[in-house]
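Mapped onto mature numbering (1 follows the signal peptide of the UniProt record, and there is no 0), the consecutive letters of the sequence shown carry residue numbers -28 to -1, 1 to 424.
Cβ atoms here follow ideal geometry from the backbone N, Cα and C, with glycine treated the same way.
Since the structure comes first, as structure tokens, the remarks are kept for the end.
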Amino acid sequence: MSHSAHRRTAAAVLALAGLLTAAVPATAAPGGPPASASASVSGAAAATSTAALAAPDIPLANVKAHLSELQSIAGANGGNRAHGRPGYKASLDYLKAKLDAAGFTTTVQQFTSSGSTGYNLIADWPGGDPDQVLMAGGHLDSVSSGPGINDNGSGSAGVLETALAVSRAQLQPAKHLRFAWWGAEELGLVGSRYYVGNLSSTDRSKISGYLNFDMIGSPNPGYFVYDDDPVMEQTFKDFYAGIGVPTEIETEGDGRSDHASFKNAGIAVGGLFTGAGRTKSTAQAQKWGGTAGQAFDRCYHSSCDTTSNIDDTALDRNSDAMAYAVWTLSAGSTVPPGDVYETTEDVAIPDNGAAVTSPVTVSGRTGNAPAALKVGVDIKHTWRGDLVVDLLAPDGTAYRLKDSSGSDSADNVITTYTVNASGETADGTWQLRVQDVARYDTGYIDSWRLTF
């Protein structure tokens, strides 16, 4: 990851998915305040097809083998893999040979920075819609002070193994898949900026999204998800919710890694990150394990960023999440349009105050809602026992999802309820109604969805 950056306010984000199912009692009295948020069909959910469910478990041993090779390359070339140094070109040659053998069409793009020739490696998988290109990548160069195994051998190795998994599966996605490894990122995103800057406006418009993976195996890891594009963000959040791991919004790397080159050109971006030089908080250590008061990566940009500077669990999870996103986002939608409706607009919940609502509008459906309507909720709150949660049907009928409880001191409500809504017309505006009925704790509706 590059040094230079701008900052933005961090906001904690936990993943949403249908992990738990609870029975819902009979209907309560209708009513509720006016709608306060807009809704949209979730592209991420709509893209979760059988292809996405078949995304492979990326072998951790394979990813670590690539890291060992990058470590050996650095060791044989002055201890680093930096731009303009022989270790960088040797790293690129290693990846290129693997990709060529796997059936990719590879291109080495040259540029000049700081008086030295730099290289980007681009690998295209045959097939898919050439007017809808999904890219995944990360920077291959290290800083000059060390081998750069976490920063960014980890992302480079994960992207490589995901590409090789595409080949092993002989994947035939709806979108065209392109993988990339960037040079001279540590000098200011030079390689990725060169690539994007040399695309014609037509070619830029064909890139439906770029996924960036810069530092995915930090030794004291966090689980951070880019929040730039809502569909990509939700895809990663769904994966992590599926394995029961909470996430937060990524802020440390804003503007500091190669996704910025794409974002600045108007291309949708997403990605994962496990943390660099910032300190892990007590709350984060309680949530994720590891050591509070210590950097996510104590060896960031240092000579000790070796194969010993990797957390295997984080590397394994993020590699699997990467594959899940590539499979999901490159697939054509096989879920009938309208099956999933979602809003991700935040709605603040007043402390010991009036109820608030968040609307989702369902349209284009005939007949009534199903007897097993799924209501997935993601509510952030410091004491969930204070919360009363209802689903309001379009006619105002209320279905109680959750009662308050003075003994429930845990935080957040992240679960999926099942409602017998067969007596309700499907089309119309449904609302999630939430009220905080006791003092001192705060929160907000992060997102919620209906699955028909």
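Query, Result
"Counting Cβ pairs, one atom from each stretch, are 3 or more of them under 8 Å apart for the stretch 211 to 219 and the stretch 141 to 155?", "no"
"Let's see if you can read the secondary structure: which residues bound the beta strand (DSSP E) around N68?", "Going by the sequence as given, residue 68 is Lys instead of Asn. Here K68 belongs to no beta strand (DSSP E); instead the alpha helix (DSSP H) covers P58 to A73."
"Assuming contact is defined by CB atoms lying nearer than 8 Å, are G419 and D350 in contact in what I supplied?", "Before going on, a small fix: residue 419 reads as Ser here, not Gly. Yes, Cβ-Cβ distance for S419 and D350 is below 8 Å."
"Considering only their Cβ atoms, is the gap separating S114 from R53 smaller than 8 Å?", "yes"
"Looking only at its own chain, which residues have a Cβ that is under 7 Å from the Cβ of A137, when we skip the five neighbours before and after it?", "P28, I30 and A295"
"Rounding to the nearest angstrom, what Cα-Cα distance links P193 and G118 in this structure?", "20 Å"
"For a quick check, are the C-beta atoms of N122 and D269 less than 8 Å apart?", "yes"
"Throw me the rounded Cβ distance for the A240 and G181 pair, which I believe falls under 8 Å.", "4 Å"
"Can you tell me whether R228 is buried or exposed, with buried defined as 16 or more other CB within 10 angstroms of its CB?", "buried"
"Can you tell which of T387, D288, L39 and A410 has its C-alpha closest to the C-alpha of A326?", "A410"
"Mapping the DSSP letters down to three states, classify I121 as helix, strand or coil.", "helix"
"Assuming A95 and L71 make a contact with CB atoms under 8 Å, what is their CB distance in whole Å?", "5 Å"
"CB I179 to CB V131, shorter than 8 Å?", "no"
"If I measure Cβ to Cβ from F83 and keep anything under 6 Å in the same chain, skipping five residues before and after, which residues do I get?", "G90 and Y166"
"I'd like to confirm the pairing. Which residues does DSSP put opposite Q81 in its beta bridges?", "N92"
"Can you pull the DSSP bridge partners for H55?", "DSSP output for H55 lists no bridge partner at all."
"Touch check for the stretch 55 to 65 and the stretch 313 to 321: three-plus C-beta pairs under 8 Å?", "no"
"By the DSSP assignment, the beta strand (DSSP E) with I45 in it spans what residues?", "Here I45 belongs to no beta strand (DSSP E); instead the alpha helix (DSSP H) covers L32 to G47."
"State the beta-bridge partners of V391 as determined by DSSP.", "L345"
"Label Q266 either buried or exposed according to how many other C-beta atoms from any shown protein chain fall within 10 Å of its C-beta, with 16 as the threshold for buried.", "exposed"
"Helix, strand or coil, according to DSSP, for K252 in the structure here?", "coil"
"Cα separation between V334 and L373?", "20 Å"
"I'd like the list of long-range same chain contacts for D103, defined as Cβ closer than 7 Å, with 5 residues on each side in sequence excluded.", "K178"
"Measuring straight from C-alpha to C-alpha, what distance separates T329 and V406?", "6 Å"
"Could you tell me if D292 is buried or exposed, where buried requires 16 or more neighbouring beta carbons within 10 angstroms of its beta carbon?", "buried"
"So V35 and L287 are supposed to be a Cβ contact under 8 Å. How far apart are they, rounded?", "6 Å"
"Between which residues of its own chain and G339 is the CB-CB distance below 7 Å, once the five residues before and five after are set aside?", "A398"
"Does the Cβ of F76 have 16 or more other Cβ atoms within 10 Å, making it buried, or fewer, making it exposed?", "buried"
"Please report how far the alpha carbon of D201 lies from the alpha carbon of L183, in whole angstroms.", "10 Å"
"Please classify Y389 as buried or exposed, where buried requires at least 16 neighbouring CB atoms within 10 angstroms.", "buried"
"What is the DSSP secondary structure of G169, counted as helix, strand or coil?", "helix"
"Just to confirm my understanding: we take G249, look at its own chain, exclude 5 residues before and 5 after, and list those with CB closer than 6 Å. What are they?", "A267 and Y272"
"Excluding sequence positions up to five away, which residues of its chain have a Cβ less than 7 Å from the Cβ of E205?", "V197, Y198, D199 and G242"
"Please classify L422: is it buried, with 16 or more other beta-carbons within 10 angstroms of its beta-carbon, or exposed?", "buried"
"Leaving out the 5 sequence neighbours to the left and right, which residues in its chain are closer than 7 Å to residue 450 when beta-carbon positions are compared?", "Residue numbering for the chain in the displayed model covers -28 to 424; residue 450 lies beyond these limits and cannot be assessed."
"With a threshold of 16 other CB atoms inside 10 Å of the CB of T246, please say whether the residue is buried or exposed.", "buried"
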